[in-house]
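Notes follow the structure.
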Amino acid sequence: MMTAAIADLAANSNQLRTTHVHQPPRHDLALLRTRCDRDIDSIVSLFAEDATVIDEGEERHGTAEIRAWQTGAGSKYTYTTEITGTEALGPDRYLVTGRLTGNFPGGTADLKWDFTIEGQHITRLTIAP
480 MMTAAIADLA
490 ANSNQLRTTH
500 VHQPPRHDLA
510 LLRTRCDRDI
520 DSIVSLFAED
530 ATVIDEGEER
540 HGTAEIRAWQ
550 TGAGSKYTYT
560 TEITGTEALG
570 PDRYLVTGRL
580 TGNFPGGTAD
590 LKWDFTIEGQ
600 HITRLTIAP
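For reference, each letter of the sequence shown is one residue, going 480 to 608 in my numbering.
Next comes the structure, spelled out in structure tokens:
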């Protein structure tokens with residue numbers, strides 16, 4: 480059963496598809512949608528000023544480094560994201576799983592986005608296979 484948030488997300492992004500997702504955390508899906516839309520300001524606004532992002536083994540701290548991460552090497556690729564599941568790991572922590580398909584080396588990647596939320600912002604995000 481798809482929730483209203485997923486239905487809205489799917490309707491508003493032609494690059495993000497969802498399958499079998501139950502009660503997704505809104506912050507997590509907003510990040511993935513804005514990443515597909517390449518709206519850097521919207522992406523950065525989802526994070527707390529002192530947030531940490533870990534992607535490809537590298538840590539980024541604070542919104543300036545998160546902005547640089549979004550405008551860096553990864554921005555040269557075009558890809559779609561299919562969300563395949565979400566799981567609450569705690570009251571403020573969520574795991575979203577999905578598959579990226581695009582023109583990056585290898586062409587597909589199965590990833591996990593591990594989010595910690597505080598208030599209205601993401602405070603920690605770890606992206607890993």
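Cβ coordinates follow ideal geometry from the N, Cα and C atoms, glycine included.
Which one or two residues does DSSP pair with ALA567 in a beta bridge?
TYR573
Beta-carbon within less than 6 Å of THR576's beta-carbon, same chain only, minus the 5 sequence neighbours each way: which residues are those?
THR563, GLY564 and LYS591
Hey, quick one: how far does the beta strand (DSSP E) through GLU537 stretch, first residue to last?
537 to 540
To the nearest angstrom, report how far apart ASP534 and ILE606 are at their CA atoms.
5 Å
Run through the DSSP bridge pairs and tell me what GLY598 is partnered with.
Answer is none; GLY598 lacks a bridge partner.
How would you call LEU568, buried or exposed, if buried means at least 16 neighbouring beta carbons within 10 angstroms?
exposed
Alpha helix (DSSP H) containing ASP520: first to last residue?
519 to 524
Using only CA atoms, which one of GLU561, THR550 and ASP571 lies nearest to ASP520?
THR550
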